[in-house]
Structures are given as structure tokens and as C-alpha cells.
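Working notes, structure below.
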């Protein structure tokens, strides 16, 4: 651990365990996770680290959270009801990855921890790949198989430049960082163009998401509830209003069809939203919507722009750094209140 990280660890833990941390008892905390994978080395790669946690670190993280928080269902955390001895915290997972069922679910069962999983419903039970995973996986494992000429043609008109090192066979940290940057640039392409590019040039035929039978099994456990994370995982702010409505309707219909207790909370793909989307979600009967802005949930929050605190491999391995992230999120929420 670096000196900088050690200072963050100590500061975060002092906040959680000290008088200042009592302020969290008036708030709700919501953590944002995506994937739980089998390999720590895989999770540590820069292009995976923000979205992946290895299963052993996930187990360690849950044990840490149970020492410091009351782990509750999402609706309880959003109610901002006065907490007991410990502040309340809810776990959320985005997308509906198959590894949520394979690796995360057994750990949640073992420790008796509830969680909410937000599904991008077009992928559930389908042989399809999430575009960012398709791109990163192909570039990392089989860069020589990428048709670079076709990729350049597909990116015509964008400002995205293809670095030669991106297609090197070397599995180095530097190239992993290049892949992460390339994926970040791609996400702002037109959604239909982006998904077509990923499917045609990168997808390897593997299944990325869980299926509806696995969804049903997890829901029957009483620990897991499911909500909508869009249908196609398009960034909704890049779509026309009618296309947003169609995507929201498709995801809601499938969730309601397959789940006994579907969540009334929506989760924005990539976290992007605006006031028109808030109104649209209300029209569809949603009570809240979750973004990705760091913060804590309080009674003054916009119900359709709720903050979450992201969990990376690094913070899962070193939970004291998550305590620091929680402190920063709390401070960010105070700044938001001051602006109002």
C-alpha cells in the first residue's frame, strides 16, 4: 500500500468509527458493483478494475461491510428512515452478468446479504455480448484477429484514433490502459453504430449475461430483487424521446413478466439522465432512479437522480479505501446541498 493510500485508509476509517460518521445514520448508502469474477489477476487489469471484483475480495468486502453497516434492501436504504446502531447500506449490481449468478450469488447466500440487480433485458438469456466487454476481451486476448481496416472504416467521422500499440500481442499494464481509454472513447458513438461495430468486429460468440431461469432462482432465495437497466443498454440521453420510451417499456415489460417482485426503481445505463427522462420514468410508474454520481441518499435528493458509490477491485481488496470513498461521497452530497 502506498503512503497516499494509507492516509486515505486511516482517514476513512476514522470517519466511519468516529463522531463525524454518525451523520451517516440520517442517510442511505448505495454501493454500485458490476461483475464478480473468479480471478484476482483478471480483476486487477486496468481495463477491468473499475467494473470487476474477484470473488475472494468480494467475500472480504461483505464481511467488512457487515461490521460497519446494516446491509438492507434497496428500498429501505432509499427511505432514509433513522438508522439504529449502524448506518444502512444497500448493494446494487448493474447489467445482469452471468458471473453475478456464478460467483456473487453464492457469497451473498453464505453471508445472508440482500442485493438488487438491474438487468439490461435484451441480453438476458440471449447469446449476446455487452459491447465494452466484447471490445476489451478481443483486444486483450486476440488483438491479431481484429480487422483493423474494417475498424478504421467503422470509425470514419469520429475523432477516435487507433494506436498501433492497441493491437500488440503484449499483455502489459500499458496496453490494458490503452484498451480502457479506447473503450471510454467508443461509448459516445451513436448507440446503434456502436453496438453494430462491436457485434461485427469484436464479439466472440460467448454469453455474457445470466438467463431468466437463473434470475428466477436468485429471486426465490428472498435475497435478490431485480430491476430495469434499460433494454439494449443504450445511453438514453443519446436517444430521441420515442426511442427512450420504447427502450424503457421493453425492459419494464420483461422484468414484470419474469419477476415476482420487480423493483420500482430504475437504473440508468452509464448513469446519464436529464429532466425529460425523470418525467418519463415517473409516467412509467417508477418511484426512483439511480445514477452514478458519488454521494449519499438523503431526504433532499432528487428521487430520479440518486447517487451511488462505486466499488472497484482496488477498494474491494482494501476496504479501508472504500471508507475513504464513502467520506468523499458524503462530502460531495454536502456540497450539492450547499449549491441548492
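Residue numbers (UniProt numbering): 1 to 340.
Ideal Cβ placement from N, Cα and C applies to all residues, glycine included.
Only a predicted model underlies this, so the values are computations on that prediction, with no experimental measurement involved.
Residue environment, residue i, which counts as buried when at least 16 other CB atoms sit within 10 Å
i	result
residue 12	buried
residue 100	buried
residue 150	exposed
residue 260	exposed
residue 229	buried
residue 7	exposed
residue 221	exposed
residue 129	buried
residue 291	buried
residue 163	exposed
residue 54	buried
residue 338	Interpretation of residue 338 is limited by its pLDDT of 48, a score under 50 that renders its predicted location unreliable; the figure taken from the coordinates is listed afterwards. Exposed: under 16 other Cβ atoms inside 10 Å.
residue 3	exposed
residue 156	exposed
residue 225	buried
residue 174	exposed
residue 340	Here residue 340 scores only 43 on pLDDT, less than 50, and its place in the model should not be relied on; the value that follows carries that caveat. Residue 340 should be labelled exposed.
residue 45	buried
residue 122	buried
residue 327	buried
residue 1	exposed
residue 334	exposed
residue 265	buried
residue 300	exposed
residue 22	exposed
residue 172	exposed
residue 20	exposed
Whole-angstrom C-beta distance between residue j and residue i, which should lie under 8 angstroms
i	j	result
residue 304	residue 278	4 angstroms
residue 269	residue 120	7 angstroms
residue 47	residue 136	5 angstroms
residue 127	residue 207	5 angstroms
residue 191	residue 255	Contact doesn't hold; Cβ gap of about 20 angstroms is too wide.
residue 145	residue 152	Contact doesn't hold; Cβ gap of about 16 angstroms is too wide.
residue 96	residue 246	Going by Cβ atoms, the distance from residue 96 to residue 246 rounds to 20 angstroms, so no, they are not a contact pair.
residue 312	residue 204	No, residue 312 and residue 204 are not in contact; Cβ-Cβ is about 25 angstroms, not under 8 angstroms.
residue 92	residue 74	6 angstroms
residue 276	residue 241	7 angstroms
residue 51	residue 35	6 angstroms
Whether residue i touches residue j by CB criterion (8 angstroms)
i	j	result
residue 61	residue 307	no
residue 116	residue 227	yes
residue 125	residue 212	yes
residue 166	residue 179	yes
residue 5	residue 321	yes
residue 105	residue 86	no
residue 258	residue 297	no
residue 202	residue 252	no
residue 317	residue 57	yes
residue 323	residue 15	yes
residue 183	residue 140	no
residue 309	residue 329	yes
residue 273	residue 237	yes
residue 71	residue 65	yes
Span of the beta strand (DSSP E), counted from its first residue to its last, around residue i
i	result
residue 117	115-119
residue 54	52-54
residue 225	224-228
residue 35	35-37
residue 259	Here residue 259 belongs to no beta strand (DSSP E), and DSSP marks it neither H nor E.
Residue span of the alpha helix (DSSP H) that contains residue i, given as start and end
i	result
residue 90	Run containing residue 90: none in the alpha helix (DSSP H); it sits in the beta strand (DSSP E), 88-95.
residue 342	Beyond the ends of the chain as shown, which are 1 and 340, falls residue 342; an answer cannot be given.
residue 281	275-283
residue 342	Because the chain in this structure spans residues 1 to 340, residue 342 falls outside the shown range and cannot be described.
residue 141	131-141
residue 174	173-186
**Report entry** Segment contact flag, the region 22-42 with the region 55-72, C-beta cutoff 8 angstroms, min 3 pairs
**Finding:** yes
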